[in-house]
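One structure is given below, encoded as structure tokens.
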Amino acid sequence: MEISVIGPGYVGLVTAVVFSEMGNNVRCVGRRQEQVDALSSGKVTIYEPGLEEIMVRNLKNGRLKFTVDVRQAVSDSEIVFICVGTPPGQDGSSDLSAVYKAAETVGDLITKYTIVVNKSTVPVGTADRVREIIESRLKKRNVQCDFDVVSNPEFLKEGDALNDFLKPDRIVVGTSSEKAAMKMKELYSGFSLMQDKLIFMDVRSSEMTKYASNCMLAAKISFINEIANICERVGADVACVRQGVGSDRRIGYQFIYPGAGYGGSCFPKDVKALISTARKSAYTPELLEAIENVNARQKKIVAQKFFRLPPARFTVIRKFIPRWKAIQVM
376 MEISVIGPGY VGLVTAVVFS EMGNNVRCVG RRQEQVDALS SGKVTIYEPG
426 LEEIMVRNLK NGRLKFTVDV RQAVSDSEIV FICVGTPPGQ DGSSDLSAVY
476 KAAETVGDLI TKYTIVVNKS TVPVGTADRV REIIESRLKK RNVQCDFDVV
526 SNPEFLKEGD ALNDFLKPDR IVVGTSSEKA AMKMKELYSG FSLMQDKLIF
576 MDVRSSEMTK YASNCMLAAK ISFINEIANI CERVGADVAC VRQGVGSDRR
626 IGYQFIYPGA GYGGSCFPKD VKALISTARK SAYTPELLEA IENVNARQKK
676 IVAQKFFRLP PARFTVIRKF IPRWKAIQVM
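According to the numbering used here, the sequence shown is numbered sequentially starting from 376.
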């Protein structure tokens with residue numbers, strides 16, 4: 376297939392490399408020439424073990440190309456993946472300006488039936504807005520062109536994204552179009568083991584699945600930290616409790632490690648975004664708010680533990696704490 380990927384960030388780069396490895400012709404579109412030049416020379420711009428070898432192999436065989444020429448990339452493609460960032464705004468909601476800009480670009484360039492796949496993490500209802508934007512741009516061009524907007528959220532862990540993509544727990548595809556569904560099934564047929572992992576659903580449910588998954592994992596982290604704090608006060612050993620709880624197959628051991636709470640580029644913004652979505656829908660998400668509050672408090676609890684350490688250990692640990700002054704004022 377002819378595929379284009381808009382956005383050579385973490386998700387976009389992994390998506391482009393893996394689909395080229397599947398035998399597709401992939402153009403990955405970036406805005407900055409220096410980034411595109413670096414990627415074209417085989418230099419991976421993210422930390423992802425094993426990615427560089429696969430990327431270089433597909434650059435050499437011509438199936439993978441990096442470019443700033445979005446016009447050629449999109450107009451030649453059967454499937455266009457939108458893989459741009461959706462950072463949190465001041466109110467916690469997702470900033471969708473990059474997604475909407477990509478939609479405008481697609482609407483300005485497509486000339487034949489195209490499947491537009493949103494792989495960025497976006498609030499429920501975003502696909503509807505993307506469709507409206509593309510339709511408006513086509514109307515402005517006075518062009519009639521069929522297209523479908525599909526939700527295909529990523530479930531990748533940083534540092535293990537390649538393995539997650541190649542050996543997924545599930546592949547969620549949101550679409551109401553039989554034509555798009557068959558095309559997506561064909562796309563993922565590159566690895567026969569993936570066929571039993573494909574889960575088709577409506578677009579809004581697919582968008583919600585991504586947020587629900589990340590918020591569930593964040594909940595497990597906040598929960599075990601809450602248990603750890605209680606254990607400390609009643610004289611129980613949270614490591615033993617974790618072993619006893621995690622042995623239940625319904626719960627498992629993953630994401631129940633007590634510590635400083637969740638962080639990174641996904642969990643904080645996704646919890647905030649789902650809280651924002653709920654509030655905009657006139658619903659108070661008490662559990663999600665509690666997850667976020669416990670997480671914020673846990674970071675202060677860990678910092679306070681440092682200050683209570685014996686002087687000798689305190690001095691050693693202080694050397695490894697970044698932004699020391701910021702922690703001191705917590």
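Even for Gly, the Cβ is constructed at its ideal location relative to N, Cα and C.
Helix, strand or coil at residue i [DSSP, three-state]
| i | result |
| --- | --- |
| C641 | coil |
| C590 | helix |
| E453 | coil |
| S551 | coil |
| S651 | helix |
| F681 | helix |
| M397 | coil |
| I631 | coil |
| I485 | coil |
| M576 | strand |
| F598 | helix |
| D523 | strand |
| S415 | helix |
| V380 | strand |
| V491 | strand |
| C615 | helix |
For residue j and residue i, the rounded distance between their alpha carbons
| i | j | result |
| --- | --- | --- |
| D571 | I676 | 44 Å |
| Y422 | E661 | 36 Å |
| L471 | R672 | 29 Å |
| S651 | C590 | 13 Å |
| I599 | R617 | 8 Å |
| V620 | Y637 | 20 Å |
| A657 | G500 | 16 Å |
| E428 | V393 | 11 Å |
| V497 | G382 | 15 Å |
| P543 | T584 | 15 Å |
| R683 | E601 | 20 Å |
| Q703 | R608 | Residue placement at Q703 cannot be trusted, given a pLDDT of 40 that sits under 50; the coordinates are not used to answer. |
| A391 | N399 | 9 Å |
| Q629 | I596 | 9 Å |
| K476 | K680 | 46 Å |
| M705 | E377 | Bear in mind that the predicted position of M705 carries a pLDDT of just 37, short of 50, making it unreliable; the figure below should be weighed with that in mind. Their Cα atoms are separated by approximately 52 Å. |
| P685 | N670 | 26 Å |
| K558 | L541 | 19 Å |
| R516 | F522 | 15 Å |
| A473 | R406 | 12 Å |
| G639 | R579 | 25 Å |
| E409 | R624 | 48 Å |
| R698 | R432 | Unreliable placement is indicated for R698, whose pLDDT of 49 sits below 50; no coordinate value is reported for it. |
| L663 | L537 | 30 Å |
| L649 | I631 | 22 Å |
Beta-carbon proximity list for residue i, same chain, < 8 Å, skipping 5 on both sides
| i | result |
| --- | --- |
| I546 | N527, Y563, M569, K572, L573, I574 |
| D612 | C606 |
| A413 | T420 |
Whole-Å CB distance - residue i paired with residue j, under 8 Å assumed
| i | j | result |
| --- | --- | --- |
| V455 | V411 | At roughly 17 Å, the Cβ-Cβ gap does not stay under 8 Å, so V455 and V411 are not in contact. |
| G460 | G384 | 6 Å |
| G565 | M397 | 3 Å |
| C520 | K560 | Actually they are not in contact, since the Cβ atoms of C520 and K560 sit about 23 Å apart, beyond 8 Å. |
| V389 | L592 | In fact, because the Cβ distance is near 19 Å, the residues do not count as touching under 8 Å. |
| I508 | A478 | 4 Å |
| Y586 | D645 | 6 Å |
Contact set for residue i: own chain, Cβ-Cβ below 6 Å, skip 5 residues either direction
| i | result |
| --- | --- |
| S581 | S526, V547, G549 |
| V524 | V491, A502, V505, R506 |
| S622 | none |
| A653 | P660 |
Contact under 8 Å by Cβ, residue i with residue j
| i | j | result |
| --- | --- | --- |
| G467 | K647 | yes |
| C458 | S495 | yes |
| T480 | S452 | no |
| I485 | S450 | yes |
| G482 | L434 | no |
| L426 | S395 | no |
| A603 | P633 | yes |
| K674 | A635 | yes |
| E529 | V386 | yes |
Cut-off 7 Å between Cβ atoms - residues of its own chain near residue i, not counting five sequence neighbours on either side
| i | result |
| --- | --- |
| K700 | With a pLDDT of 44 at K700, under the threshold of 50, the predicted position of this residue should be treated as unreliable, though the coordinate-derived value follows. There are no such residues. |
| A448 | S379, R402, V404, T442 |
| A594 | I666 |
| D577 | G549, S551 |
| I742 | Nothing about residue 742 can be reported from this structure: the residues present for the chain run from 376 to 705 only. |
Proximity test, residue i beta-carbon vs the ligand FAD heavy atom, cut-off 7 Å
| i | result |
| --- | --- |
| E423 | Of ligands this structure carries none, so the ligand FAD is not represented either. |
Closer than 8 Å to chain C by CB, residue i
| i | result |
| --- | --- |
| T501 | The structure shown has no chain C; it contains just one protein chain. |
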